[in-house]
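Enquirer: Take a look at this one; I'll ask things after.
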Amino acid sequence: MRILFLVLFLLSSKCLTAQVLPFAGLPTRADTLDRSLNHTYIAYCLGKDTLKIRQLNDRLVFPLAQFRRLEKDSTWLPSEEKLAWFDSVQHQMAQNCFSYAFEWSFIELTNGPNPWFSASTQVLGPSTEWLLGYAYHCVSQNKARCWRRMQRRLPNKAYLLFRDSRGKPLHAAFFIDGIIYSKNGAQPPRAYLKLKELKKRYPDTRTLEVYRLTPSALAWEFHLNE
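Counting from 289, one number per residue, gives the positions in the sequence shown under our numbering.
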């Protein structure tokens, strides 16, 4: 028992922003928090905590009133090209970097899709840090320098969290088999061979935190495959 306690303590002490916590259950119950024209805001409950996600609706609604105000024409109607453009942009912007990195992480764990992270979801607010603290352990916390040396030390299948000078999450990516997978805003996902190249896109980065799923996270796979 003392050995187990010591192991958990050492893992959690490597990074002040994350702790190894036991899984009390899975966020399988979805509560709708709010709706907008093309999005649904969902909370997956897990005990007293929630994983908050914004989901792009399957059926998109073109914001006609907004465009008519922009065009200053109450009779204006969108062309087929404009409708196609709107649909493309909405789908391209649907997933943020935090959801994208989580999706990669859970695909590697479960060998399949999951109900929380996909090309149509964004992880909202503090949910990113909550999930990292709940289901992951922080392997290392690094100052933004010596990127080549830092990359050599990255463990495989790692969730990378970039923080700014205020300590706020700036970006997230996933590292596997020597490749860094990243998604930035409305741009399509991209693969990087060098960590330094990705950092150039986020010059405000001051620290890089490296996370791995905890062994207890295997409970997610068990429930997903039931």
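Glycine residues also receive a C-beta, built at the ideal position from the N, C-alpha and C atoms.
Could you compute how far the alpha carbon of Ser470 sits from the alpha carbon of Ala479?
Expert: Here residue 470 refers to the residue found at position 182 of the sequence shown. Here residue 479 refers to the residue found at position 191 of the sequence shown. Each residue's Cα considered, the two are about 6 angstroms apart.
Enquirer: Does the beta-carbon of Glu497 have 16 or more other beta-carbons within 10 angstroms, so that it is buried, or is it exposed?
Expert: Position 209 of the sequence shown holds residue 497. With 16 or more other Cβ atoms within 10 Å, it is buried.
Enquirer: Between the alpha carbons of Pro403 and Ser387, how many angstroms are there, rounded?
Expert: Here residue 403 refers to the residue found at position 115 when the sequence shown is read from its first residue. Here residue 387 refers to the residue found at position 99 when the sequence shown is read from its first residue. When rounded, the distance between both Cα atoms is 12 angstroms.
Enquirer: Can you check DSSP and say which residues form a bridge with Ile467?
Expert: Numbered from its first residue, the sequence shown carries residue 467 at position 179. The partner list for Ile467 (beta bridge, DSSP) reads Ile464.
Enquirer: Here's a check: name, in chain order, each residue in its chain whose Cβ is nearer than 6 angstroms to the Cβ of Ser428, leaving out the five neighbours to either side.
Expert: Within the sequence shown, residue 428 is the residue found at index 140, counting from 1. So the qualifying residues of the chain are Val498.
Enquirer: Can you tell me which residues form a DSSP beta bridge with Phe450?
Expert: Taking the first residue of the sequence shown as position 1, residue 450 is located at position 162. According to DSSP, which records beta bridges pairwise, Phe450 is partnered with His459 and Leu496.
Enquirer: My assumption, with CB atoms under 8 angstroms, is that Phe450 sits in contact with Ala389. Please give the rounded CB distance.
Expert: Sequence index remark: in the sequence shown, residue 450 carries index 162 (1-based). Sequence index remark: in the sequence shown, residue 389 carries index 101 (1-based). Actually they do not touch by this definition, with Cβ atoms about 10 angstroms apart.
Enquirer: Contact defined as beta carbons within less than 8 angstroms: I believe Ala474 pairs with Val377. What is the distance between those atoms, to the nearest angstrom?
Expert: Locating residue 474 in the sequence shown gives position 186, where the first residue counts as 1. Locating residue 377 in the sequence shown gives position 89, where the first residue counts as 1. Going by Cβ atoms, the distance from Ala474 to Val377 rounds to 7 angstroms, so yes, they are a contact pair.
Enquirer: Tell me, please, which residues DSSP counts as bridged to Ala318.
Expert: The sequence position of residue 318 within the sequence shown is 30, counting from 1. Note: Ala318 sits in a beta bridge opposite Tyr332.
Enquirer: With DSSP run on the structure shown, which of helix, strand or coil describes Lys340?
Expert: Here the question's residue 340 lines up with position 52 in the sequence shown. Three-state result, Lys340: strand.
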